[in-house]
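> Sharing a structure, written as structure tokens. Questions coming.
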Amino acid sequence: MYDFIAIGDTVTDAFIKLKTADVVGTPDTPDYKICLPFAEKVPYEDVFVIPGVGNAANAAVSASRLGLKSALVSNIGDDLQGKDCLDAFKKDTVGADFIKINQGLKTNYHYVLWYGPERTILIKHEIYPYTLPDIGAPKWVYFSSVNETAFPFHNVVADYLDAHPDIQFAFQPGKFEIKLGKEKLSRLYKRTNIFFCNVEEAKTILGDGKTEIKDLLLGIHLLGPQAVVITDGPKGAYGADKTGLYFAPPFNPEEMAFERTGAGDAFASATTSALALGKTLSEALAWGAVNGMSVCRYVGAQKGLLTQEQIQAELSKKPDYKVSGM
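Following my numbering, the numbering of the sequence shown begins with 6 at its first residue and continues without gaps.
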């Protein structure tokens with residue numbers, strides 16, 4: 006029996022490190038853009054190809070490194086990229102029992118334009134026949150990010166969760182889940198034990214014009230989740246459950262990020278794994294803050310994912326770090 010099973014799409018990321026680009030606007034404005042010369046040859050510095058990533062895949066790897074027996078429910082193609090993904094999961098002892106190899110289809114492949122610490126991702130999700138195998142009764146199921154063509158696969162997941170009420174459920178909606186809207190996914194929201202999104206995603210999900218963090222936390226909670234976590238990039242994260250409201254400041258605010266891909270996944274998966282290991286929400290948020298910070302030190306979403314011992318070592322270096330009540 007698995008402790009932690011993640012459900013979601015798997016991709017290979019090709020990071021293209023740009024030498025130069027024009028940046029328009031600031032991160033907190035809607036016109037924030039990276040601009041490249043049109044119809045020109047644009048030089049790049051380097052490229053890094055990283056297989057077996059994606060929100061759910063990152064979570065499965067994170068849980069495995071944190072000591073949980075984890076597996077992934079996903080789709081790949083019968084191509085070299087799919088084989089590379091399977092090899093990557095084997096290396097991190099992530100169970101591949103529920104990964105479907107689709108004959109004649111490609112594995113998802115994304116291009117990441119990396120400039121400074123930020124990135125813009127060119128995405129293309131292949132159209133797979135989404136099915137849910139019998140995954141047994143794991144302690145936790147973590148659902149995130151499938152193709153927009155997958156619906157109503159989300160209801161299949163909801164049916165399985167309803168039939169297994171003892172399973173704890175973590176929900177981190179991806180771009181396409183948010184696009185579907187909260188009404189179509191109401192069954193998942195109501196079944197959620199802990200929910201993750203960032204500030205902008207929370208505003209989009211609720212669509213009521215509210216911007217205050219407490220209003221966003223309450224608004225998401227009223228959709229059904231028992232606990233809600235909203236991240237705010239390098240500014241920190243906020244959490245709420247029946248024990249109270251919490252703020253997790255950035256772990257090392259003085260440390261400049263090298264590359265931020267996967268920081269949100271690292272935060273959410275470490276928080277969920279800590280809960281699975283018996284931690285309180287405030288303790289779990291501290292784990293999330295450390296894991297998210299560590300991922301920002303490397304290229305890609307997984308190299309910086311930590312073990313329990315490494316998280317504890319980081320926390321011991323900063324005894325004054327504290328997740329506080331709000």
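Just so you know, even glycine gets a beta-carbon here, dropped at the ideal spot from N, CA and C.
Which of helix, strand or coil does DSSP assign to Gly57?
As a first step, residue 57 is located in the sequence shown; it is residue number 52 there, counting from the start. Looking at Gly57 - three-state DSSP - the assignment turns out to be strand.
> Consult DSSP for Val304 and reduce its assignment to one of helix, strand or coil.
Along the sequence shown, one-based indexing puts residue 304 at 299. Reduced to three states, the DSSP call for Val304 is coil.
> For Lys265, tell me which candidate among Ala279, Gln315, Tyr7 and Gln307 has the shortest Cα-Cα distance.
One-based indexing of the sequence shown puts residue 265 at position 260. Reading off the sequence shown, one finds Arg at residue 265, where the question assumed Lys. For the residues Ala279, Gln315, Tyr7 and Gln307, the minimum Cα distance to Arg265 belongs to Gln307.
> So, are the CB atoms of Gly269 and Phe201 less than 9 angstroms apart?
If you number the sequence shown from 1, residue 269 lands on position 264. If you number the sequence shown from 1, residue 201 lands on position 196. For Gly269 and Phe201, yes; Cβs fall inside 9 angstroms.
> Since Leu221 contacts Ala207 with CB under 8 angstroms, what's their CB separation in whole angstroms?
Walking along the sequence shown from the start, residue 221 turns up at place 216. Walking along the sequence shown from the start, residue 207 turns up at place 202. Right, their Cβ atoms sit about 4 angstroms apart.
> Have a look at the DSSP bridge pairing and note the partners of Lys129.
For the purposes of this step, residue 129 is taken as residue 124 along the sequence shown, with counting starting at 1. Its beta-bridge partners do not exist; DSSP assigns none.
> Using a Cβ-Cβ cut-off of 8 angstroms (strictly less than) and excluding sequence neighbours within five positions of Thr31, which residues of its own chain qualify?
Translated into the one-based positions of the sequence shown, residue 31 becomes position 26. Closer than 8 angstroms at the Cβ level, and outside the excluded window around Thr31, lie Tyr37.
> Quick one: what's got a C-beta closer than 8 angstroms to Met261's C-beta in the same chain, skipping five residues either side?
On the sequence shown, residue 261 is found 256 positions in, with the first residue counted as 1. Excluding positions up to five away in sequence, the list reads Pro122.
> Put Phe272 into one of helix, strand or coil per three-state DSSP.
For the purposes of this step, residue 272 is identified with residue 267 of the sequence shown, where counting begins at 1. Note: Phe272 maps to helix in three-state DSSP.
> In this structure, does DSSP put Tyr114 in helix, strand or coil?
One-based indexing of the sequence shown puts residue 114 at position 109. DSSP places Tyr114 in strand when its eight states are reduced to three.
> Where does Asn257 fall in DSSP's three states?
Here residue 257 is taken as the residue at index 252 of the sequence shown, counted from 1. Three-state DSSP puts Asn257 in coil, outside helix and strand.
> Can Ile81 and Lys105 be called in contact, C-beta distance under 9 angstroms?
As a first step, residue 81 is located in the sequence shown; it is residue number 76 there, counting from the start. As a first step, residue 105 is located in the sequence shown; it is residue number 100 there, counting from the start. It is a contact, given that the beta carbons lie within the stated cut-off.
> Which of the three DSSP states, helix, strand or coil, is assigned to Arg265?
Translated into positions along the sequence shown, residue 265 becomes position 260. Coil, per DSSP.
> What three-state label does DSSP hand Lys323 in the structure shown?
Here residue 323 is taken as the residue at index 318 of the sequence shown, counted from 1. Coil.
> Kindly indicate the opening and closing residues of the beta strand (DSSP E) around Gln173.
In the sequence shown, the residue the question calls residue 173 occupies position 168. Gln173 -> beta strand (DSSP E) spans Gln173 to Phe176.
> In or out: Asn63 buried (at least 16 other Cβ within 10 Å) or exposed?
Along the sequence shown, read from residue 1 onward, the residue named residue 63 stands at position 58. Buried, because 16 or more other Cβ atoms sit within 10 Å of the Cβ of Asn63.
> What is the residue span of the alpha helix (DSSP H) that Asn160 lies within?
Here the question's residue 160 lines up with position 155 in the sequence shown. It spans Phe158 to Ala168 - the alpha helix (DSSP H) in which Asn160 sits, taken as one unbroken run.
> Determine the direct distance from the alpha carbon of Glu153 to that of Ile12, and round the result to whole angstroms.
Here residue 12 is taken as the residue at index 7 of the sequence shown, counted from 1. Here residue 153 is taken as the residue at index 148 of the sequence shown, counted from 1. Distance between the alpha carbons of Ile12 and Glu153 is about 14 angstroms.
> From the DSSP secondary-structure annotation, give me the bridge partner or partners of Ala12.
As a position in the sequence shown, residue 12 is number 7, starting the count at 1. The sequence shown places Ile at residue 12, not Ala. In the DSSP output, where bridge partners are listed per residue, Ile12 has Val78 and Phe148.
> Give the secondary structure of Gly244 by DSSP, where H, G and I count as helix, E and B as strand, and everything else as coil.
The count along the sequence shown starts at 1 and reaches residue 244 at position 239. In this structure, Gly244 counts as strand in the three-state DSSP scheme.
> With a 10 Å radius around its C-beta and 16 neighbouring C-beta atoms as the bar for buried, classify Gly330 as buried or exposed.
Your numbering for residue 330 matches position 325 in the sequence shown. Per the 10 Å Cβ criterion, exposed.
> What are the residues that DSSP puts in a beta bridge with Phe20?
Walking along the sequence shown from the start, residue 20 turns up at place 15. The partner list for Phe20 (beta bridge, DSSP) reads Phe53 and Val117.
> Please check the pair His169 and Ala142, which I expect to be a contact at CB under 8 angstroms, by giving their CB distance rounded to whole angstroms.
Sequence index remark: in the sequence shown, residue 169 carries index 164 (1-based). Sequence index remark: in the sequence shown, residue 142 carries index 137 (1-based). Sure, about 5 angstroms apart at Cβ, within 8 angstroms.
> Taking Thr209 as part of the alpha helix (DSSP H), name the residues at either end of that continuous run.
Here residue 209 is taken as the residue at index 204 of the sequence shown, counted from 1. Looking at the DSSP string, the run of the alpha helix (DSSP H) that includes Thr209 is Val204 to Leu211.
> Pick from Asp237, Lys215 and Ser149: whose alpha carbon is nearest that of Thr197?
Locating residue 197 in the sequence shown gives position 192, where the first residue counts as 1. Comparing Cα-Cα distances from Thr197 to each of Asp237, Lys215 and Ser149, the minimum goes to Ser149.
> Using the C-alpha atoms, what's the distance from Gly309 back to Ser213?
Here the question's residue 213 lines up with position 208 in the sequence shown. Here the question's residue 309 lines up with position 304 in the sequence shown. First, the amino acid is wrong: residue 213 is Asp here, not Ser. Computed Cα separation, rounded: 36 angstroms.
> Per DSSP, what kind of secondary structure is Glu123 in: helix, strand or coil?
Here the question's residue 123 lines up with position 118 in the sequence shown. Correct three-state label for Glu123: strand.
> Taking 9 angstroms as the cut-off, decide whether the C-beta atoms of Val66 and Asp97 are in contact.
Residue numbering aside, residue 66 sits at position 61 when the sequence shown is read from its first letter. Residue numbering aside, residue 97 sits at position 92 when the sequence shown is read from its first letter. In contact: Val66 and Asp97 (Cβ atoms closer than 9 angstroms).
> What's the gap between the Cα of Ala232 and the Cα of Asn296?
Here the question's residue 232 lines up with position 227 in the sequence shown. Here the question's residue 296 lines up with position 291 in the sequence shown. Between Ala232 and Asn296, the C-alpha separation is close to 20 angstroms.
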